[in-house]
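Just so you know, the sequences run in chain order A and B.
Numbering of the first sequence is given in the working numbering, commencing with residue 166 and proceeding in unit increments.
Numbering of the second sequence is given in the working numbering, commencing with residue 24 and proceeding in unit increments.
Glycine residues also receive a C-beta, built at the ideal position from the N, C-alpha and C atoms.
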Amino acid sequence: MIWHRGELGDPGSLDPHKAETLIESNILDELFEGLVAHNARGELIPGIAASWTIDPAGTVYDFQLRPDAKWSNGDKLGADDFVFAFRRLMAPATGAPYANILFTLKNAEKINKGQLPLDALGVRALDEHRLEIILEQPAPYFIAQLAHFTAKPLHRKSVEAFESDFVRPAHMVTNGPFMLKQFTPNDRLVLIKNPYYYDAAQVALDQEIFYSLEDRSAALRRFMAGEIQSYDDVPLEQIDFVRAYLADAFKVTPSLGTYFYGFDTRHKPFDDRRVRQALAMGIDREFIADRIWGGTMEPGYSFVPPGIESYGAPATASWKEIDPLAREDEAKRLLAEAGFGPGGEKLEVEIRFANSENHRATAVAIADMWKVLGVETRLLGTDATSHYAFLREKPPFDVARWDWFADYPDAQNFLFLCQNDNQALNVASFGNKAFDTLMHDAQAESSPEQRRLILHKAEALLLDEQPDLVLLTYRTRNLVSPKLKGWEANVLDNHPGRYISIAP
Amino acid sequence: MLRFFLTRVATAIPTLFVIIALSFFLMRLAPGGPFDSARTLDPSIAENLRHIYKLDRPLLEQFFYYLRSLADGDLGPSLHWRDFTVNELFATALPISVTLGAKAMLTAILAGTALGLFGAMSKGWMGQRLIDGASIVGIAVPVFVVAPLLQLGFGLALHVLPVGGWDDGAWQNQVLPVATLALPQIAIIARLMQAALNDTLGKPHMRTLRAFGMPAYHIYIHALRAALPPVVSYLGLAAANVLTGSVIVETIFGIPGMGRYFVYGALGRDYTLVMGTVIVVAAAVLLFNLIVDLVLAWLDPRVRYEAGL
Numbered sequence: 166m167i168w169h170r171g172e173l174g175d176p177g178s179l180d181p182h183k184a185e186t187l188i189e190s191n192i193l194d195e196l197f198e199g200l201v202a203h204n205a206r207g208e209l210i211p212g213i214a215a216s217w218t219i220d221p222a223g224t225v226y227d228f229q230l231r232p233d234a235k236w237s238n239g240d241k242l243g244a245d246d247f248v249f250a251f252r253r254l255m256a257p258a259t260g261a262p263y264a265n266i267l268f269t270l271k272n273a274e275k276i277n278k279g280q281l282p283l284d285a286l287g288v289r290a291l292d293e294h295r296l297e298i299i300l301e302q303p304a305p306y307f308i309a310q311l312a313h314f315t316a317k318p319l320h321r322k323s324v325e326a327f328e329s330d331f332v333r334p335a336h337m338v339t340n341g342p343f344m345l346k347q348f349t350p351n352d353r354l355v356l357i358k359n360p361y362y363y364d365a366a367q368v369a370l371d372q373e374i375f376y377s378l379e380d381r382s383a384a385l386r387r388f389m390a391g392e393i394q395s396y397d398d399v400p401l402e403q404i405d406f407v408r409a410y411l412a413d414a415f416k417v418t419p420s421l422g423t424y425f426y427g428f429d430t431r432h433k434p435f436d437d438r439r440v441r442q443a444l445a446m447g448i449d450r451e452f453i454a455d456r457i458w459g460g461t462m463e464p465g466y467s468f469v470p471p472g473i474e475s476y477g478a479p480a481t482a483s484w485k486e487i488d489p490l491a492r493e494d495e496a497k498r499l500l501a502e503a504g505f506g507p508g509g510e511k512l513e514v515e516i517r518f519a520n521s522e523n524h525r526a527t528a529v530a531i532a533d534m535w536k537v538l539g540v541e542t543r544l545l546g547t548d549a550t551s552h553y554a555f556l557r558e559k560p561p562f563d564v565a566r567w568d569w570f571a572d573y574p575d576a577q578n579f580l581f582l583c584q585n586d587n588q589a590l591n592v593a594s595f596g597n598k599a600f601d602t603l604m605h606d607a608q609a610e611s612s613p614e615q616r617r618l619i620l621h622k623a624e625a626l627l628l629d630e631q632p633d634l635v636l637l638t639y640r641t642r643n644l645v646s647p648k649l650k651g652w653e654a655n656v657l658d659n660h661p662g663r664y665i666s667i668a669p
Numbered sequence: 024m025l026r027f028f029l030t031r032v033a034t035a036i037p038t039l040f041v042i043i044a045l046s047f048f049l050m051r052l053a054p055g056g057p058f059d060s061a062r063t064l065d066p067s068i069a070e071n072l073r074h075i076y077k078l079d080r081p082l083l084e085q086f087f088y089y090l091r092s093l094a095d096g097d098l099g100p101s102l103h104w105r106d107f108t109v110n111e112l113f114a115t116a117l118p119i120s121v122t123l124g125a126k127a128m129l130t131a132i133l134a135g136t137a138l139g140l141f142g143a144m145s146k147g148w149m150g151q152r153l154i155d156g157a158s159i160v161g162i163a164v165p166v167f168v169v170a171p172l173l174q175l176g177f178g179l180a181l182h183v184l185p186v187g188g189w190d191d192g193a194w195q196n197q198v199l200p201v202a203t204l205a206l207p208q209i210a211i212i213a214r215l216m217q218a219a220l221n222d223t224l225g226k227p228h229m230r231t232l233r234a235f236g237m238p239a240y241h242i243y244i245h246a247l248r249a250a251l252p253p254v255v256s257y258l259g260l261a262a263a264n265v266l267t268g269s270v271i272v273e274t275i276f277g278i279p280g281m282g283r284y285f286v287y288g289a290l291g292r293d294y295t296l297v298m299g300t301v302i303v304v305a306a307a308v309l310l311f312n313l314i315v316d317l318v319l320a321w322l323d324p325r326v327r328y329e330a331g332l
């Protein structure tokens with residue numbers, strides 16, 4: 166039984182400490198299993214950890230590992246393998262791009278910056294199957310973080326023997342449901358079932374083959390010919406065709422991703438809340454979601470996308486339900502108050518985005534909508550790398566498009582994007598003491614209900630300030646053959662092969 | 024002949040060096056770097072990565088470092104396909120591109136010559152116009168239209184060939200990509216051939232042959248040899264292009280060849296990969312130009328005379 170699985174591209178690396186993208190994450194979840202894992206619905210389940218306890222202060226975690234956990238070569242898997250992996254993740258010499266996700270671990274940040282030795286890390290083996298993890302400060306989302314690819318165990322012997330070459334099919338030892346057989350860039354990546362996986366008896370697939378298919382139209386044709394049984398995108402220009410002829414295979418579900426237009430809040434006039442609020446109100450999000458994105462996007466009115474269980478329904482912009490004409494009047498009033506419009510200055514805005522047909526069409530539509538408010542808009546599209554390099558260097562700008570996909574399903578993983586100390590990801594350079602205090606309080610709060618309320622307050626504050634204009638919420642768009650059983654749509658768009666079987 | 028060959032090789036080396044140096048420094052003028060992506064890295068982590076890949080050194084030092092490893096035949100690690108070196112990527116991709124390219128060129132030369140000959144031989148204007156028209160269509164219709172049409176026709180409608188994939192080079196997977204690569208070349212070669220033949224057939228020495236009552240096939244064999252030089256000149260450049268891969272054909276058919284590395288290397292600022300592809304293409308162009316010159320000298324005594332061979 167083989168699952169032929171189309172993906173948008175190649176993994177850049179199979180080393181969990183060098184990985185960066187969702188594609189890599191999908192593959193690493195098949196190869197490695199961390200302390201916790203996801204089921205077919207994307208919910209957290211115990212993985213290599215059978216159970217755990219947390220001390221009352223919320224900083225010391227004690228994990229009891231499965232005694233039957235093994236590596237794909239038959240070696241026993243124990244707490245040491247996790248200690249080894251976490252230390253390697255934080256070692257400066259590894260150069261792990263995502264190490265900072267687990268700066269929740271005690272001393273992790275200092276170790277990663279070379280200020281403390283590796284053994285200072287708050288992770289240690291209490292015995293062969295007991296792992297203790299100490300956190301820098303309480304982090305209610307820590308268990309969810311452990312499902313991330315940065316938290317996978319590594320097989321010490323093969324990593325030490327082969328160093329960066331341990332990812333070669335001949336050397337690679339894994340502990341997940343599958344192991345690596347072949348990887349040819351731009352062609353395919355072949356995984357085979359791992360006989361030593363503790364739940365191997367329940368794994369129906371013998372092989373899983375990932376194909377790197379960047380051309381969405383060609384992928385659609387291959388899907389229709391039955392050469393692949395699933396693909397994680399559709400060509401938007403053929404969306405009507407897909408809806409008409411492949412309705413039972415086309416799965417659209419909300420996902421944990423937000424499409425933003427960030428304002429440069431450092432300079433005039435975008436340091437003015439009224440200007441940002443007016444521009445946010447003047448956009449017809451339904452039109453953009455339905456007409457430009459073919460219904461594969463959700464109009465966005467909240468900073469945190471819906472679908473996070475611990476957070477419930479997110480806060481929404483106060484003007485969401487107001488009818489468009491009244492909203493337009495209010496936007497004009499706010500602009501006039503800020504000194505723009507009839508009798509005042511003319512507001513000019515430049516939108517920067519990474520070139521793609523849909524990003525451009527979206528920007529064109531927005532320019533048109535802002536024109537009604539008397540705003541003159543210029544568009545500036547560059548190639549993706551230039552755009553993201555621009556956001557990193559951050560010379561002054563007006564408005565820049567960007568987006569964010571959750572690393573772990575928690576509201577904090579969205580709201581932290583506007584924290585003043587989040588140098589790398591705070592596109593708007595938003596600095597608001599009240600907001601930072603709320604985020605800090607939420608971090609220290611041990612009651613989940615109280616924490617939820619505080620985070621909701623923080624979100625409401627962002628929606629009132631609009632440092633980043635929320636435009637759309639992403640939806641996943643998968644093509645899934647009806648023959649593929651066990652595939653379930655979920656907000657993480659995570660589909661582990663261990664639950665999949667294929668009908669004849 | 025040997026001296027001619029050696030001189031050409033000797034001039035090729037400095038040319039290649041200039042190309043390498045220019046590309047190395049021009050590439051760095053593009054904004055951004057290999058670690059810029061949708062998710063901005065933590066500044067200290069990004070600094071750490073630049074250090075690991077020696078990108079924090081002065082540019083000139085990086086250049087000499089690159090030249091030194093190049094002298095050992097090492098093209099360096101890829102910054103995007105981080106589990107592979109550029110040498111390893113090319114070791115699998117280049118043979119695939121060369122295989123497909125060679126088959127496409129062979130098809131194009133045979134079919135193009137035959138069509139060109141047919142066009143030149145047809146007495147009425149119908150044959151000439153037919154070849155003219157067909158080649159204009161062949162040249163004008165872009166690959167990204169031809170390839171999906173072939174996939175729809177042979178893969179989805181008739182179910183006789185796979186829509187895409189490489190499958191370790193199974194012949195079924197090669198048919199459509201080879202056809203797509205060959206079609207525009209067939210058209211160009213047919214047109215060049217026809218024009219050159221028409222031109223040659225009107226020359227006085229051809230008329231003389233005819234007047235002597237030579238059989239037609241004999242005349243065409245002589246004409247063909249005289250008509251070849253312009254076609255051969257074109258073939259050099261075409262071969263260098265086709266053999267080093269086509270990004271569009273490879274992306275649409277899902278073929279793990281060289282073409283995609285040109286584009287993704289540049290877009291992703293994978294500096295070592297860009298340099299590798301530049302070197303491969305430059306070497307291919309220089310090599311095929313040399314081959315063309317040698318073939319021309321062999322075909323045409325005038326060229327030999329002028330080159331002092």
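Compare the C-beta of residue i against all C-beta atoms of chain A and say whether one is closer than 8 Å.
{"i": "residue 71 of chain B", "result": "yes"}
{"i": "residue 103 of chain B", "result": "yes"}
{"i": "residue 106 of chain B", "result": "yes"}
{"i": "residue 67 of chain B", "result": "yes"}
{"i": "residue 165 of chain B", "result": "no"}
{"i": "residue 181 of chain B", "result": "no"}
{"i": "residue 118 of chain B", "result": "no"}
Verify the contact flag: residue i, CB atom, against every heavy atom of the ligand GDP, threshold strictly below 7 Å.
{"i": "residue 432 of chain A", "result": "No copy of the ligand GDP occurs in the structure displayed, which carries no ligand at all."}
Just checking: is the beta-carbon of residue i within a distance shorter than 8 Å of some beta-carbon in chain B?
{"i": "residue 470 of chain A", "result": "no"}
{"i": "residue 275 of chain A", "result": "no"}
{"i": "residue 177 of chain A", "result": "yes"}
{"i": "residue 551 of chain A", "result": "yes"}
{"i": "residue 568 of chain A", "result": "yes"}
{"i": "residue 389 of chain A", "result": "yes"}
{"i": "residue 527 of chain A", "result": "no"}
Taking DSSP as the reference, what is the three-state secondary structure of residue i?
{"i": "residue 183 of chain B", "result": "coil"}
{"i": "residue 189 of chain B", "result": "coil"}
{"i": "residue 99 of chain B", "result": "coil"}
{"i": "residue 108 of chain B", "result": "strand"}
{"i": "residue 424 of chain A", "result": "strand"}
{"i": "residue 203 of chain A", "result": "strand"}
{"i": "residue 505 of chain A", "result": "strand"}
{"i": "residue 692 of chain A", "result": "Residue numbering for chain A in the displayed model covers 166 to 669; residue 692 of chain A lies beyond these limits and cannot be assessed."}
Buried or exposed: where does residue i fall if 16 or more other Cβ atoms within 10 Å of its Cβ makes it buried?
{"i": "residue 677 of chain A", "result": "For residue 677 of chain A there is no data in the structure shown, the boundaries of chain A being 166 and 669."}
{"i": "residue 191 of chain A", "result": "buried"}
{"i": "residue 584 of chain A", "result": "buried"}
{"i": "residue 148 of chain B", "result": "exposed"}
{"i": "residue 238 of chain B", "result": "exposed"}
{"i": "residue 630 of chain A", "result": "buried"}
If I follow the unbroken beta strand (DSSP E) through residue i, where does it start and stop?
{"i": "residue 275 of chain A", "result": "Here residue 275 of chain A belongs to no beta strand (DSSP E); instead the alpha helix (DSSP H) covers 273 to 277."}
{"i": "residue 564 of chain A", "result": "564 to 570"}
{"i": "residue 517 of chain A", "result": "512 to 519"}
Note the first and the last residue of the continuous alpha helix (DSSP H) segment covering residue i.
{"i": "residue 600 of chain A", "result": "598 to 609"}
{"i": "residue 84 of chain B", "result": "82 to 94"}
{"i": "residue 248 of chain A", "result": "244 to 255"}
Given 8 Å, three or more beta-carbon pairs between the segment 368 to 383 of chain A and the segment 221 to 234 of chain A: no
task: Count the CB pairs spanning the segment 237 to 250 of chain A and the segment 317 to 330 of chain A that are closer than 8 Å, and state whether there are at least three.
output: yes
task: Would you be able to state if there are at least three C-beta pairs under 8 Å between the segment 553 to 562 of chain A and the segment 59 to 68 of chain B?
output: yes
query: So, do the segment 238 to 250 of chain B and the segment 165 to 178 of chain B have three or more beta carbon pairs nearer to each other than 8 Å?
result: no
message: Closer than 8 Å is the cut-off here; do at least three beta carbon pairs connect the segment 500 to 509 of chain A with the segment 532 to 540 of chain A?
response: yes
Cβ contact check for the segment 271 to 287 of chain A and the segment 392 to 411 of chain A: 3 or more pairs under 8 Å: no
message: Does the segment 344 to 353 of chain A come into contact with the segment 323 to 330 of chain A, if we say contact requires no fewer than three beta-carbon pairs (one atom in each stretch) closer than 8 Å?
response: no
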